[in-house]
Amino acid sequence: MNRLPTPLPVVFTDLDGTLLDLHTYDPGPAREAVALLQERRIPIVFCSSKTRAEQLVYRRLLRIQDPFIVENGAAIFIPKGYFTVPHEARPTSHGLEVIELGRPAAAIRRALREIRKETGLSFQGYHEMTLEEVSRLTGLPPEAARRATAREYSETIVVDFGPADWQRFNAALVAHGLVCFAGGRFHTVVGLGTDKGRAVHLLAELYRRQYGSILTIGLGDSPNDVPMLRAVERPFLVQRPDGSWESVDVPGLVPVPAPGPEGWRMAIEQLLTQLAV
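Structure (structure tokens):
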């Protein structure tokens, strides 16, 4: 298919638990739907808590060459020359440009150390673990664990808080200009004001300036996807592995009756049928 659909659909998707299986990190049946989108030249934008290093692997695996949003909206990476309209981005490695929206990881880690002293709460960041510990915790092989720890704008933490401790922790984060997002299995701390929705809005505006009319679609599975799902026109929520859905408040949300990659495939096929593209 050579001609672009009008309006141009743009798919923003979470990775773990959505496009990728929550435990195997494999796209499985979602590959079929990825191919359908690519045949129609519909952009697929990763929007995940995963790092740049991690997302580059899945872009190569699925042969995706569109922009991608890392670390819960902390930065947008764009292939050089992808947009011809003027935009503010600085050159970086791998033939990419970057729009940075979040705080540097080093500053976030310093603040977390101060919060630990101030509150006495016990939590552990990825940067404080060995690769073997991260590998054991995530089920990732060592090289993949190394990519997961290569955080540039956030810190992933492991906690076991009750409600009262969460309240204290969140209050301390805000006092330091930080916020924590709960993902499918882990928690990500980023600068206050950083979220997937802000990055989606910014990138969607670039697509509008480039192509005119667009239709934004979002697919997620967990609470940290809510800002992204609220920022799009067609939000989809896939099931958790146990067959339930996260309780989230998103206008117009479409629950998909399957988890992870199978749910992703179903949502995309349903969407393409509705749009007749």
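Residue 1 is where the sequence shown starts when you use my numbering, and the numbers rise one by one after that.
Every residue gets a Cβ at the ideal spot worked out from N, C-alpha and C, and that includes glycine.
Please read these numbers as outputs of a predicted model, since none were measured by experiment.
First and last residue of the uninterrupted beta strand (DSSP E) at residue i
i, result
"I69", "F68 to V70"
"F181", "L178 to A182"
"G252", "Neither: G252 is in no beta strand (DSSP E) and is coded neither H nor E."
"P86", "Run containing P86: none; DSSP gives neither H nor E here."
"F236", "R234 to Q239"
"T13", "L8 to T13"
"G218", "I214 to G220"
Distance between residue j and residue i (C-alpha atoms, nearest Å)
i, j, result
"H87", "T216", "20 Å"
"E132", "P142", "7 Å"
"Q210", "Q55", "24 Å"
"H176", "N170", "10 Å"
"T149", "V256", "31 Å"
"A75", "E100", "4 Å"
"W264", "G197", "20 Å"
"Y82", "Y58", "19 Å"
"V98", "V200", "14 Å"
"F68", "A53", "12 Å"
"L206", "K80", "14 Å"
"E155", "T188", "6 Å"
"R60", "T119", "43 Å"
"R116", "A105", "17 Å"
"T138", "L22", "10 Å"
"P5", "T84", "19 Å"
"G102", "P241", "31 Å"
"S244", "R31", "23 Å"
"L253", "D14", "15 Å"
"Q341", "D249", "No statement about residue 341 is possible, as the shown extent of the chain runs from 1 to 277 and does not include it."
Residues bridged to residue i [DSSP beta-bridge criterion]
i, result
"A75", "V70 and E100"
"L20", "D16"
"P261", "Paired residues: none, contrary to the question."
Alpha helix (DSSP H) segment containing residue i, residue limits
i, result
"A35", "A30 to E39"
"V200", "K196 to Y211"
"D165", "P163 to A175"
"A53", "R52 to L62"
"V248", "Per DSSP, V248 belongs to no alpha helix (DSSP H) and is neither H nor E."
"A276", "Neither: A276 is in no alpha helix (DSSP H) and is coded neither H nor E."
"P223", "P223 -> no alpha helix (DSSP H), and no H or E assigned at all."
Three-state class that DSSP yields for residue i in the structure shown
i, result
"V45", "strand"
"V189", "strand"
"I157", "strand"
"A105", "helix"
"P27", "coil"
"P5", "coil"
Any non-hydrogen atom of the ligand ATP closer than 7 Å to residue i Cβ
i, result
"G263", "Judged by which ligands are present, the structure shown has none, so any question about the ligand ATP falls away."
Going residue by residue through the stretch 109–155, where are the continuous alpha helix (DSSP H) segments of at least 4 residues, counting only ones entirely within it? 131–138 and 142–148
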